[in-house]
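Q: Sharing a structure, written as structure tokens. Questions coming.
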């Protein structure tokens with residue numbers, strides 16, 4: 006008992022005298038109970054993460070729903086504004102374009118305009134398009150509702166759409182970015198008044214009235230329920246096999262061909278002021294009347310307007326070139342020329358390996374530039390020697406440009422090579438977007454000498470009828486719709502007909518050229534045709550594809566006894582002799598990071 010009592014205090018003081026392992030073992034479960042909190046916190050962690058994810062997901066769904074409602078309301082608001090706008094004003098000629106801008110905008114840069122014009126935008130709202138056509142009484146482009154062109158457009162729209170036009174000659178695309186809005190108004194108004202006067206006067210002496218679109222009818226209404234066809238680029242980069250001569254070593258320039266028409270062609274140097282009007286100003290192309298225009302198509306000894314017309318006091322009207330460069334140009338016998346105005350393109354030298362030593366010695370390579378373009382090329386690292394050469398190109402700086410519209414300025418070296426190179430017998434023109442891939446003398450032999458032609462130009466890669474070209478130019482808003490319509494009516498009233506590929510007696514394989522490459526001999530007939538074509542471009546639109554067929558056919562019809570030996574070659578041949586590059590604006594559009602620098 007004493008021993009038992011002796012153990013009681015030890016139990017109360019928790020000091021086991023004998024078996025300490027038992028007491029330690031009883032103590033350990035208490036420690037394990039305190040550590041059990043850590044596994045419990047690990048089980049809570051996934052629950053917290055899952056809860057946060059669910060909260061974020063719900064917030065995202067609410068945000069998407071709210072954004073969708075805001076977008077729908079914006080779209081509805083925009084549609085209502087468009088409807089109110091269309092109801093509140095009457096659309097006139099050259100207005101109501103696809104991007105909601107007037108014709109002065111579309112008369113400017115073609116590349117910028119083609120990028121802004123999105124055909125998809127015009128077809129994503131079928132109900133809106135239908136309402137617009139109803140308000141416009143179904144008139145084609147809201148400009149007269151010409152029944153024949155409307156029916157033709159119906160067939161044309163059923164075909165695959167070609168949204169872009171490869172033919173964009175650099176100058177056409179980089180026209181007048183520095184032009185002020187006031188000048189746009191003045192020039193557009195002046196051209197409209199002049200074209201209207203021409204349309205009035207042409208009826209007095211036109212031999213063939215034609216169906217010039219004077220009738221008004223309901224235009225073709227688009228079917229909004231149809232699916233939009235996928236866009237297809239109809240042009241391809243295919244080339245043709247061309248059998249050039251192996252070398253120029255044994256090649257001899259032919260003597261003047263007796264079958265070519267001969268007559269004396271002189272050019273108006275000065276123009277006298279015919280009236281005391283305060284608004285009269287001297288013009289680079291002169292003030293040609295319709296009667297003078299009509300007689301100029303007769304191939305006989307005559308003096309005609311062909312650019313470079315000075316004022317009454319002998320003052321220059323533009324396209325001024327230094328005496329040193331004029332001396333160089335007068336020394337040329339064969340000229341290869343191009344131009345860059347308004348920084349539209351980069352300088353591309355002809356492919357050196359294919360240019361023979363004879364061509365480097367006998368051929369002039371002339372590049373016409375404005376001062377701004379020259380400074381840009383120099384800042385980009387282009388080198389110019391003491392004689393003014395940049396590689397093979399002789400840089401010819403043009404000052405006092407005759408037009409604010411760079412498209413018209415570019416037509417001067419394109420069509421008037423016989424005026425710029427008065428001693429040259431041959432000339433080759435290529436747009437600045439092209440690089441010459443073959444020897445110039447071999448090109449002359451292939452296109453002119455081999456089959457005795459005096460003018461060579463390629464046909465269009467896709468379109469062959471002027472009706473097609475009119476629709477395409479208006480669809481892409483290449484120029485003021487009103488002036489295109491006036492020019493088209495003018496030509497129809499003067500006898501222009503649709504191209505008939507099945508006609509065995511057709512004078513041309515196509516009525517639409519691809520005018521970026523021209524090879525010609527400076528014969529009287531070739532020079533006359535070039536002057537006439539330039540005058541049409543100066544009178545109406547700078548879209549020279551619209552006036553090519555009319556000018557050629559009228560020249561042939563007016564002079565049945567004097568043939569004009571024109572070679573319209575395949576477009577794939579043009580691709581074989583000249584490589585196509587992008588314009589500067591197209592490079593910036595394809596690489597937006599560069600445009601932000």
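Residue numbers (our numbering): 6 to 602.
Ideal placement from N, C-alpha and C gives every residue a C-beta, glycine not left out.
1. Could you tell me which residues DSSP puts in a beta bridge with residue 519?
2. For residue 375, report the span of its beta strand (DSSP E) as first-last.
3. Under the DSSP definition of a beta bridge, which residues are partnered with residue 554?
4. To which residues does DSSP link residue 345 through a beta bridge?
5. What span of residues does the alpha helix (DSSP H) with residue 447 cover, start to end?
6. Can you tell me where the beta strand (DSSP E) with residue 268 in it begins and where it stops?
7. Looking only at DSSP bridge pairs, what is residue 432 linked to?
8. Of the choices 376, 333, 371, 381, whose alpha-carbon is the least far from that of residue 351?
9. In three-state terms, what does DSSP make of residue 586?
10. If you draw a straight line from the alpha carbon of residue 338 to that of residue 258, how long is it in whole angstroms?
11. Give the C-beta separation of residue 314 and residue 322 to the nearest angstrom, bearing in mind that I take them to be a contact with Cβ-Cβ under 8 Å.
12. Measuring CA to CA, which of 542, 514, 506 is closest to residue 488?
13. Taking DSSP as the reference, what is the three-state secondary structure of residue 314?
14. Using a Cβ-Cβ cut-off of 7 Å (strictly less than) and excluding sequence neighbours within five positions of residue 546, which residues of its own chain qualify?
15. If you run the structure through DSSP and keep just helix, strand and coil, what is residue 306?
16. Measuring only the C-alpha atoms, how far is residue 502 from residue 510?
17. In three-state DSSP terms, what is residue 247?
18. Report yes if the CB atom of residue 474 is closer than 7 Å to the CB atom of residue 551, and no otherwise.
19. Kindly indicate which three-state DSSP category residue 399 falls into: helix, strand or coil?
20. Would you check if the distance between the CB atom of residue 245 and the CB atom of residue 272 is smaller than 7 Å?
21. Are the Cβ atoms of residue 423 and residue 348 separated by less than 7 Å?
22. Buried or exposed for residue 470, going by 16 or more other Cβ atoms inside 10 Å?
23. Taking DSSP as the reference, what is the three-state secondary structure of residue 416?
24. Taking the alpha-carbon positions, what's the residue 1 to residue 255 distance?
25. Quick one: is the Cβ of residue 58 within less than 6 Å of any heavy atom of the ligand NAD?
26. Compare the Cα-Cα distances from residue 539 to each of 553, 530, 431, 528 and report the closest residue.
27. State buried or exposed for residue 267, treating a residue as buried only when at least 16 other CB atoms are found within 10 Å of its CB.
28. Can we say the segment 291-301 touches the segment 518-529, given the rule of at least three CB pairs closer than 8 Å?
29. Compute the distance between the beta-carbons of residue 4 and residue 247, then report whether it is under 7 Å.
30. Kindly indicate the opening and closing residues of the beta strand (DSSP E) around residue 439.
31. Could you check whether residue 375 and residue 394 sit closer than 7 Å to each other, using their CB atoms as the reference points?
A: Per the coordinate set shown:
1. 463
2. 368-375
3. None, per the DSSP bridge assignment.
4. 374
5. 445-449
6. No beta strand (DSSP E) holds residue 268; DSSP gives it neither H nor E.
7. 340, 525
8. 381
9. coil
10. 11 Å
11. 6 Å
12. 542
13. coil
14. 484, 488, 489, 492
15. coil
16. 14 Å
17. coil
18. yes
19. strand
20. no
21. no
22. buried
23. helix
24. This structure gives no information on residue 1, because the portion of the chain shown stretches from 6 to 602.
25. Summarising the ligand content, the structure contains no ligands, and the ligand NAD is consequently not present.
26. 553
27. exposed
28. no
29. Outside the displayed range of the chain (6 to 602) lies residue 4, so it cannot be described from this structure.
30. 439-441
31. no
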